[in-house]
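Chemist:
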Amino acid sequence: MKTAVVILNWNTRDYLRKFLPGLIASTEGLDAEVIVADNASTDGSPEMLAAEFPDVRRISLDRNYGFTGGYNRALAQVEADYYVLINSDIEVPQGWLKPLTDWMDTHPHCGACGPKLLSYDHRDRFEYAGAAGGLLDRYGYPFCRGRILQKVEKDEGQYDTPEDVFWVSGACLLVRSKLWKKLGGLDDRFFAHMEEIDLCWRMQLSGYTVTVVPESFVYHIGGGTLPNESPFKLRLNFRNNLLLLENNLAKTFRAQGYSVDGSLGKARRRIFVRMLLDGASALTYLVTKRYNSYKAVVQAHGEYRKLRRKPTPDEVAMQKDATVRGWYDGWIVPKGIFRK
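Just so we're aligned: 317 in the numbering used here is position 315 of the sequence shown, and the numbers increase by one with no gaps anywhere.
And the structure:
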């Protein structure tokens, strides 16, 4: 099989019922298969799939392993040239898949690509989670072409040229299966959120590009599993930001030509500043009486200390020269707030 289009489901039965028929129809005539992997849902999703979509291949997991563990376990059971990771709350138009596989076929050094992500409810606007491809600032704050902080642009064709970016949203992400396996898939420690940024960063450090292909576009609802105001989601974001930086910063500096010691020291200082910024965020939550958000940041830092795996000098020394695209060597937050 050329392409496996894999939904990882956890308690999104209604989204599956709504969007799965269109997804299946969009792959007809292509060397592609739609597969649903289930993270031990309790909302009747498995029973609904068996009754209403009996021809769709299903992979059942014994518990909720999160986005990272779920996809790692599911894709280990799938053989294909390309994997598409796609959320259950996405509507796809006809013709969305072929531009992505065509791009990968003709660009062998591209490790992953994705479509423009548009809002399901406001179709002339980009969707928050990925817009027209993701970027990252010096302290690990992600933003997008078409979305900075909470400000989302209208899609007026301004990003309709293929572009190498830092990351593509895991809401709809096509990856080379061989590279996925070589890199070990997603980092299980993340559970959910920012894991695709980490994967795309590791791909770039391995000499591959990550590209948004705007000829393809999909419509994303967003927040289908965890609402934006969830303290759990906030905890994951703060924790995983630090894991993301520790995984990749020192190797990135080494790829830019710094010495091993210089790379490790520069990464430590950068992460320390990020932790201070997190502390300022926590203080803001406390002062504004958003106590659950304050607790989420404190818990995130505690979990980071338990989960962290410091890169060794030998690991950093092995890093080859590589170009990391989509890196913004500034701090996006004050520019987003004060310069709009």
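Heads up, the beta-carbon is just placed ideally off N, CA and C, and yes, glycines get one too.
Given a threshold of 16 other Cβ atoms within 10 Å of its Cβ, counted over all protein chains shown, does residue 163 qualify as buried or as exposed?
Modeler: When all chains shown are included, residue 163 counts as exposed.
Chemist: Tell me the residue span of the alpha helix (DSSP H) that contains residue 290.
Modeler: Careful: residue 290 lies outside any alpha helix (DSSP H) and carries neither H nor E.
Chemist: If you reduce the DSSP assignment to three classes, tell me which class residue 155 lands in.
Modeler: DSSP places residue 155 in coil when its eight states are reduced to three.
Chemist: I'd like the ranges of any beta strand (DSSP E) spanning at least 3 consecutive residues and lying wholly in the region 200-247.
Modeler: Listed in chain order, they are 211-222.
Chemist: From the DSSP output, in three-state form, read off residue 305 for me.
Modeler: Helix.
Chemist: Closest to residue 254 by C-alpha separation, out of 203, 216, 282, 242, would be which residue?
Modeler: Residue 203 is the option with its Cα nearest to residue 254.
Chemist: Mind checking whether residue 167 and residue 220 have CB atoms under 8 Å apart?
Modeler: Not in contact: residue 167 and residue 220 (Cβ atoms no closer than 8 Å).
Chemist: How should residue 339 be labelled, buried or exposed, when 16 other C-beta atoms within 10 angstroms of its C-beta is the threshold for buried?
Modeler: That one is exposed.
Chemist: When the distance is taken between beta carbons, is residue 295 closer than 8 Å to residue 306?
Modeler: Contact flag unset, no.
Chemist: Going by C-alpha to C-alpha distance, which of 324, 74, 209 sits closest to residue 63?
Modeler: The shortest Cα separation from residue 63 among 324, 74, 209 belongs to 74.
Chemist: Could you round the C-beta distance between residue 86 and residue 38 to whole angstroms and report it? I think they count as a contact, below 8 Å.
Modeler: Not a contact, Cβ separation roughly 13 Å.
Chemist: Do residue 245 and residue 309 count as a contact pair if the criterion is CB distance below 8 Å?
Modeler: Yes.
Chemist: Quick one: what's got a C-beta closer than 8 Å to residue 404's C-beta in the same chain, skipping five residues either side?
Modeler: No answer is possible for residue 404: the residues shown for the chain start at 3 and end at 342.
Chemist: How is the beta strand (DSSP E) around residue 90 delimited, first residue to last?
Modeler: Where residue 90 is concerned, there is no enclosing beta strand (DSSP E), given that its DSSP letter is neither H nor E.
Chemist: How long is the line joining the alpha carbons of residue 318 and residue 273, rounded to whole angstroms?
Modeler: Near 16 Å, if we compare the C-alpha coordinates of residue 273 and residue 318.
Chemist: Helix, strand or coil for residue 14 per DSSP?
Modeler: In this structure, residue 14 counts as coil in the three-state DSSP scheme.
Chemist: Closer than 7 Å by C-beta to residue 94: which residues in its own chain qualify, once you throw out the five before and the five after it? Chain order, please.
Modeler: Only 24, 25, 28, 220 meet the Cβ criterion.
Chemist: Between the Cα of residue 336 and the Cα atoms of 139, 40, 96, which residue gives the shortest distance?
Modeler: Here the closest residue by C-alpha is 139.
Chemist: Put residue 176 into one of helix, strand or coil per three-state DSSP.
Modeler: Here residue 176 sits in strand by DSSP.
Chemist: Three-state secondary structure (DSSP) at residue 147?
Modeler: Residue 147: coil per DSSP, three-state reduction.
Chemist: If distances are taken between C-alpha atoms only, which option among 104, 90, 325, 330 comes closest to residue 19?
Modeler: That would be 90, whose Cα lies nearest to the Cα of residue 19.
Chemist: Could you compute how far the alpha carbon of residue 136 sits from the alpha carbon of residue 69?
Modeler: Their Cα atoms are separated by approximately 19 Å.
Chemist: Here's the rule I'm using: 16 or more other beta-carbon atoms within 10 Å means buried, otherwise exposed. How should residue 262 be labelled?
Modeler: So residue 262 ends up on the buried side.
Chemist: Indicate whether residue 44 and residue 11 have their beta-carbon atoms separated by less than 8 Å.
Modeler: For residue 44 and residue 11, no; Cβs fall outside 8 Å.
Chemist: Name the one or two DSSP bridge partners that residue 171 has.
Modeler: In DSSP, residue 171 forms no bridge with anything.
Chemist: Excluding five sequence neighbours on each side, which residues of the same chain lie with their C-beta closer than 7 Å to the C-beta of residue 192?
Modeler: Counting only Cβ-Cβ distances below 7 Å, and skipping sequence neighbours, we find 70, 200, 242, 245.
Chemist: In the structure shown, what three-state DSSP assignment does residue 25 receive?
Modeler: Note: residue 25 maps to helix in three-state DSSP.
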